[in-house]
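Throughout, the working numbering is defined as the position within the sequence shown, counted from one, plus 214.
Backbone N, C-alpha and C fix where the C-beta goes; we use that ideal spot for every residue, glycine too.
Presented below is the structure to which this report refers.
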Amino acid sequence: MTTPLQSVVAAVQNSRKYQAIDPALVAAVAGAELSKGRSLKEAVKATKNQLHQSAAVYQSGRMAYDRWLDQLRSTWPDASVRRPLLRQLMAAHSSTNERLAILDDFYPRIFALLPPIHTVLDIACGLNPLALPWMSLAPDSTYLAVDVFADQVLFLNDFFQLAQVAGRAESRNVLTDCPTAPVDLALILKTIPCLEQMEKDAGRRLLEQVQARHLVISFPSRSLGGREKGMANTYSARFAELTAGWDAKVTRLDFSNELVFVVERG
Ligand SMILES: C[S@@+](CC[C@H](N)C(=O)[O-])C[C@H]1O[C@@H](n2cnc3c(N)ncnc32)[C@H](O)[C@@H]1O
């Protein structure tokens, strides 16, 4: 017999927009909606709404991963066109799209504050791994990227192979299944507000689990429409709350639309 949870999960997964989302996340959101006493129909609608707000909203319509991979394969040998193509592909995810204007400055300023980095964990990565050529990683470095879309993960794994990076992408719901192996650097870029839309204390739980000597934690400081609305103040207060009591050295970097904290834990 099909349970209400299975029915809601199946109905959500039936929709193309949510098909590739990690089943554990779909089930977690659906379970939370059913526990509010909603009918099956209401729970399907509310689950889709939540998955839209926290994940699908960042993707610009159809993500043409196969075509992108073909483009990357055919242009990769020519180093002069790599970065322009990667920029074009990063525009398909609103989070990396917003970073394009500051990208040439973003990673150089961050990496200038870091020692040689050999292992990276990119949490709720979106298309940020495509910015690897902008990051000054040690030549032998390994990169683990996690997000909730199975098709995006396949694409990123093909990209790592093409770029000859020792990288791996995995589909994971980081609310319940965050990688905990120690790394030199954890990238938590614009992720905390997104997770905290789903669970109020998700940021704190995430930071308790991540085992990293250095963390780069960022927040949007301007809304998608370009208005400021005190976002930098709100998020710097949230960052202070989340890291209160840490033995850590923190450097704040203010970019035009992103507030970044580079943290070295003691
Ligand atoms: C604001 S975007 C940030 C993307 C990337 N870190 C960047 O700054 O370019 C938030 C990302 O979190 C991912 N996401 C949302 N919920 C998640 C979850 N429970 N586990 C893992 N990733 C999640 C979304 O798919 C999306 O790519």
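- Enumerate, from N- to C-terminal direction, the unbroken alpha helix (DSSP H) stretches of 4 or more residues contained entirely within the segment 433–479. 445–456
- ligand 1 heavy atom lying under 8 Å from the CB of Met349: Met349 has its Cβ no nearer than 8 Å to any heavy atom of ligand 1.
- Task: Identify whether Val424 lies in helix, strand or coil by the three-state DSSP scheme.
- Result: It is coil, neither helix nor strand.
- Query: Okay, do the segment 311–325 and the segment 342–358 touch, 3+ Cβ pairs below 8 Å being the bar?
  - Reply: The segment 342–358 and the segment 311–325 touch, with three or more beta-carbon pairs separated by less than 8 Å.
- Hey, could you find the ends of the alpha helix (DSSP H) Thr537 is sitting in? Residue 537 falls outside the range modelled here, since the chain spans only 215 to 480, and no answer is possible.
- Task: Express the C-alpha separation of Val334 and Ala400 in angstroms, rounding to a whole number.
- Result: 6 Å
- Query: Hey, would you say the C-beta of Asn342 is under 8 Å away from at least one heavy atom of ligand 1?
  - Reply: yes
- Message: Given 8 Å as the limit, tell me if Lys414 has its C-beta closer than that to any heavy atom belonging to ligand 1.
- Response: no
- Query: Where DSSP assigns a beta bridge to Asp372, which residues make up the other side?
  - Reply: In the DSSP output, where bridge partners are listed per residue, Asp372 has none listed.
- Query: His332: which of Asp318, Gln375, Tyr357 and Trp460 sits nearest, CA to CA?
  - Reply: Answer by Cα proximity: Tyr357.
- Candidates Tyr232, Asn371 and Leu473: closest to Ala454 by CA position: When Tyr232, Asn371 and Leu473 are compared, the shortest CA-CA separation from Ala454 is found for Leu473.
- Query: When DSSP labels each residue in this structure, what does Leu356 get in the three-state scheme?
  - Reply: It should be pointed out that residue 356 corresponds to Thr in this sequence rather than to Leu. The answer is strand: DSSP assigns Thr356 an E or B state.
- Message: From the DSSP secondary-structure annotation, give me the bridge partner or partners of Asp398.
- Response: DSSP output for Asp398 lists no bridge partner at all.
- Message: Under 8 Å: do the segment 375–394 and the segment 422–429 share three or more Cβ pairs, one atom per stretch?
- Response: yes
- Just mark Thr405 as buried or exposed, buried being the case when its beta carbon has 16 or more other beta carbons within 10 Å. With 16 or more Cβ atoms within 10 Å of its Cβ, Thr405 is classed as buried.
- Task: Tell whether a beta-carbon distance below 9 Å holds between Arg386 and Ala238.
- Result: yes
- Spatial neighbours of Asn371 in its chain, beta-carbon cut-off 7 Å, leaving aside the 5 residues before and after: Arg382 and Ala383
- Message: Does the beta-carbon of Lys262, which I'm using as the reference point, lie nearer than 8 Å to any heavy atom of ligand 1?
- Response: no
- Pull up the CB-CB distance for Ala244 and Thr261, whole angstroms please, since I reckon it's below 8 Å. 5 Å
- Message: Quick check on the burial criterion: 16 or more other C-beta atoms within 10 angstroms. Buried or exposed for Thr217?
- Response: exposed
- Ala426 Cβ short of 8 Å to ligand 1 heavy atom set: Ala426: no, Cβ never under 8 Å from ligand 1.
- Query: How is Arg323 classed by DSSP in three states: helix, strand or coil?
  - Reply: It is helical.
- Can a CB atom of chain B be found closer than 9 Å to the CB of Ala462? Protein chains in the displayed structure number just one, and chain B is not present.
- Inspect the beta-carbon positions of Asp468 and Ser435 and report whether they are closer than 9 Å. yes
- Going by Cα to Cα distance, which pick from Val362, Lys255, Leu283 and Phe369 is closest to Ala338? Val362
- Message: When you compare the CB positions of Pro343 and Phe374, do they come within less than 9 Å of one another, or not?
- Response: yes
- Report whether the distance from the Cβ of Leu346 to the nearest heavy atom of ligand 1 is below 8 Å. It does not: the Cβ of Leu346 is nowhere closer than 8 Å to a heavy atom of ligand 1.
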